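S.K.:
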């Protein structure tokens with residue numbers, strides 16, 4: 001598992017790269033550097049994931065809003081009520097909103113992605129995420145539906161929370177006029193390729209939206225996780241030809257994916 005090789009002990013910290021701190025005791029400096037740069041969770045311009053989602057009232061993205069849902073109830077499991085307190089929004093887009101929340105029962109921090117759900121269709125992102133289980137892909141914990149006063153239906157994906165993104169890390173190195181250490185670049189690239197190899201070869205899925213904002217990073221362990229499968233599609237293979245269904249992709253993203261598939 002990637003976390004075993006990325007854990008405590010500071011990858012590459014015994015050398016000095018581009019003027020960064022070096023240490024003979026192998027201290028990993030990235031977590032401290034990110035803290036010194038005052039990065040916070042701002043907007044930047046598994047267990048029961050297969051269970052039947054509940055429908056609850058209220059959208060729930062407002063700070064302090066309490067969301068209650070239930071998990072379990074399948075294969076003889078007892079149903080369990082879980083409450084989340086919405087803390088703050090960490091991402092927005094045409095898809096909807098992502099907010100950070102805290103589980104009142106366990107204290108666990110999670111990310112909840114709330115997207116509008118057309119009642120006529122199933123959600124493809126949910127179907128795909130229920131198939132995935134990899135250390136370099138963000139984990140789906142469970143999901144539930146919520147409604148508004150206007151009878152609008154929203155799907156809420158409860159995901160593991162990872163504090164940083166490659167985009168924010170790279171921007172802050174630029175802000176202090178330094179390059180990201182090469183060892184980090186290699187480490188993140190390896191994990192991206194590992195996640196994509198799993199998607200393409202084991203599951204048959206094309207992500208179609210690889211960008212720094214969708215690459216989550218734990219700054220203390222350096223474990224990278226790919227997120228946001230809202231644009232993902234199933235790969236269809238005919239002999240040696242790979243076809244991406246409804247392949248509306250930016251040229252740079254399409255070429256990147258196809259090179260990796262080949």
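In UniProt numbering, the protein residues as written are 1 to 262. No residue lacks a Cβ here, since even glycine has one placed at the ideal position from N, Cα and C. All values derive from a computational prediction rather than experimental measurement.
In chain order, what are the residue ranges of uninterrupted beta strand (DSSP E) at least 3 long that sit wholly in the stretch 160-245?
M.R.: Taking 3 residues as the shortest admissible run, the stretch 160-245 contains the following complete beta strand (DSSP E) segments, listed from N- to C-terminal end: 215-217, 224-226, 233-238, 241-244.
S.K.: Over what stretch of residues does the beta strand (DSSP E) that includes residue 120 continue unbroken?
M.R.: DSSP places residue 120 outside any beta strand (DSSP E), giving it a letter other than H or E.
S.K.: How long is the line joining the alpha carbons of residue 188 and residue 127, rounded to whole angstroms?
M.R.: Taking the straight line from one Cα to the other gives about 27 Å.
S.K.: Determine, using beta carbons only, whether residue 68 and residue 83 come nearer to each other than 9 Å.
M.R.: Taking 9 Å as the Cβ cut-off, residue 68 and residue 83 qualify as a contacting pair.
S.K.: On a Cα-Cα basis, can you pick out the residue from 95, 88, 158, 121 that is closest to residue 129?
M.R.: 158
S.K.: Is residue 132 helix, strand or coil when you go by DSSP?
M.R.: coil
S.K.: Suppose contacts are defined by Cβ-Cβ distances below 9 Å. Is residue 87 in contact with residue 100 by that definition?
M.R.: yes
S.K.: Is the distance from the Cβ of residue 145 to the Cβ of residue 178 below 9 Å?
M.R.: no
S.K.: Of all the options 194, 212, 85, 202, which has the alpha carbon lying nearest to the alpha carbon of residue 136?
M.R.: 194
S.K.: Buried or exposed: where does residue 8 fall if 16 or more other Cβ atoms within 10 Å of its Cβ makes it buried?
M.R.: Residue confidence for residue 8 is low, a pLDDT of 36 falling below 50, so the modelled location carries little weight; the figure read from the coordinates is stated next. Exposed.
S.K.: Given that a residue counts as buried once 16 or more other Cβ atoms are within 10 Å of its Cβ, and exposed if not, what is residue 80?
M.R.: The C-beta of residue 80 has fewer than 16 other C-beta atoms within 10 Å across all chains shown, which makes the residue exposed.
S.K.: Which residue marks the beginning of the beta strand (DSSP E) containing residue 83, and which one marks its end?
M.R.: Segment 80-93, the beta strand (DSSP E) holding residue 83.
S.K.: How big is the Cα-Cα spacing for residue 217 and residue 162?
M.R.: 6 Å
S.K.: Might you give, ordered along the chain, the residues of its own chain that have their beta carbon closer than 7 Å to the beta carbon of residue 203, omitting 5 neighbours on each side?
M.R.: Counting only Cβ-Cβ distances below 7 Å, and skipping sequence neighbours, we find 131, 132.
S.K.: With distance defined between alpha-carbon atoms, name the residue in 155, 160, 210, 197 nearest to residue 102.
M.R.: Closest option to residue 102, Cα to Cα, is 160.
S.K.: So, are the CB atoms of residue 167 and residue 219 less than 9 Å apart?
M.R.: no
S.K.: Exposed or buried, which one is residue 98 when buried takes at least 16 other CB atoms within 10 Å?
M.R.: buried
S.K.: Just to confirm before moving on: does the CB-CB distance between residue 226 and residue 235 stay below 9 Å?
M.R.: Inclusion of residue 226 and residue 235 in the CB contact set at 9 Å is not warranted, their separation being larger than that value.
S.K.: Measure the CB-CB distance between residue 232 and residue 206 and report whether it falls below 9 Å.
M.R.: It is a contact, given that the beta carbons lie within the stated cut-off.
S.K.: Rounded to a whole number of angstroms, what is the C-alpha to C-alpha distance between residue 113 and residue 66?
M.R.: 15 Å
S.K.: Using CA coordinates, which residue listed in 142, 93, 224 is at the minimum distance from residue 186?
M.R.: With respect to the C-alpha of residue 186, the residue from 142, 93, 224 having the closest C-alpha is 224.
S.K.: May I have the straight-line CA-CA distance separating residue 191 from residue 222, to the nearest angstrom?
M.R.: The alpha-carbon of residue 191 is positioned some 10 Å away from that of residue 222.
S.K.: Rounded to a whole number of angstroms, what is the C-alpha to C-alpha distance between residue 93 and residue 156?
M.R.: 15 Å
S.K.: Please report how far the alpha carbon of residue 165 lies from the alpha carbon of residue 122, in whole angstroms.
M.R.: As the crow flies, the alpha-carbon of residue 165 is around 29 Å from that of residue 122.
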